[in-house]
Amino acid sequence: MTRLTPIFCLMVITLLFAGSAQAQIRTEGGLALGVGVPQGEFGDQVDQIGFGGNIFGAVGMPGTPFMVGLDAGFMMYGHERRNEPFSTTIPDITVDVVTDNAIASGHFFVRLSPDIPVFRPYADALIGFKYFFTETRIQNENIDDSEIARSTNFSDTALSYGFGGGLQFRLFNGIGRAEGPAAVYLDLGARYLIGSEAAYLEEGSIRRENGKVTFDVTKSETTLLNFNLGVTVKF
């Protein structure tokens, strides 16, 4: 818990800034694509980069350079596809069996972001969760991957907290226009998200022998280093 103290303090101090100032409240939202690089114990177990994206929405604290918001993300760190008979009694019809290892995440964040034009640096403090899950689905071979059935093989949740930062470059200035956003920014960011211990499956962790399924479950801390490229819209 000692590592969480600075983050909680920053969030509490930021919320106290929300006084009765009459400045216009700014709101922003955005989306990004990114990669996740496993760190520490997680990196020792998962040796490949994950790919995914995230969306967020944030509201400014009147009279301050701070914003508070929510961020939701998704990342895949494993993928397998194989072709199998539909059943033991119908071996002449085959289907694709697809297994994905993924992480869904949600974070509350406090952002220090001066409301300046053209070029804006920012810094984040975040706390939330990472939800690890492995799903297997059956798809038709030749009909646009039409899904037949789906099952979650394994799942677990980890506490997630950390810090991040980035740079935003203005692509569009809509101030003074009657409609549309006030500005659109290109957003380059990075986050270091410490993760508590969780159990999860890696790519290749599902073994099939003599008609039975065995899961090789891995348990470790779940820290990730994320790099994102996206677009932020100021309203």
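Numbering of the sequence shown is given in the working numbering, commencing with residue 3 and proceeding in unit increments. Positions of the beta carbon are idealized from the N, C-alpha and C atoms, including for glycine.
Checklist entry - DSSP beta-bridge partners for Ile105? => result Met77, Phe134
Item to check | As assigned by DSSP and simplified to three states, the class of Gly45 | outcome: helix
Checklist entry - Per DSSP, Gly71 forms a beta bridge with which residues? => result Ala60, Phe111
Next on the checklist: Which residue wins for smallest C-alpha separation from Leu114, given the options Ser107, Gly166, Phe135, Phe68?
Outcome noted: Phe68
Next on the checklist: Buried or exposed for Asn212, going by 16 or more other Cβ atoms inside 10 Å?
Outcome noted: Exposed: under 16 other Cβ atoms inside 10 Å.
Next on the checklist: Is Asp158 close to the ligand NAP? I mean its beta-carbon at under 7 Å from any heavy atom of the ligand.
Outcome noted: Of the ligands one can find in the structure shown there are none, so the ligand NAP has no counterpart to examine.
Checklist entry - Anyone know if the C-beta pair for Gly167 and Asp126 falls short of 8 Å? => result The beta carbons of Gly167 and Asp126 sit closer together than 8 Å.
Item to check | Span separating the alpha-carbon of Glu143 from that of Asp98 | outcome: 6 Å
Checklist entry - Distance, Cα to Cα, Lys221 vs Gly178? => result 54 Å
Item to check | Cβ separation of Met171 and Phe121, assumed to be a contact under 8 Å, to the nearest whole Å | outcome: A quick correction: the sequence has Phe, not Met, at residue 171. At roughly 6 Å, the Cβ-Cβ gap stays under 8 Å, so Phe171 and Phe121 are in contact.
Checklist entry - In whole angstroms, what is the alpha-carbon distance linking Glu149 and Gly206? => result 22 Å
Next on the checklist: Let's test the definition: count the other Cβ atoms within 10 Å of the Cβ of Ala23 and tell me whether it reaches 16, buried, or not, exposed.
Outcome noted: Reliability of the predicted coordinates at Ala23 is poor, the pLDDT of 41 falling under 50, and the value obtained from them is presented with this limitation in mind. Exposed, by the Cβ-count rule.
Item to check | Range covered by the beta strand (DSSP E) that runs through Gly206 | outcome: Looking at the DSSP string, Gly206 is not in any beta strand (DSSP E), and its letter there is neither H nor E.
Checklist entry - Roughly how many whole angstroms lie between the Cα atoms of Thr224 and Val61? => result Thr224 and Val61 have their C-alpha atoms spaced approximately 29 Å apart.
Next on the checklist: Assuming Asn230 is part of the beta strand (DSSP E), what are its boundary residues?
Outcome noted: 226-236
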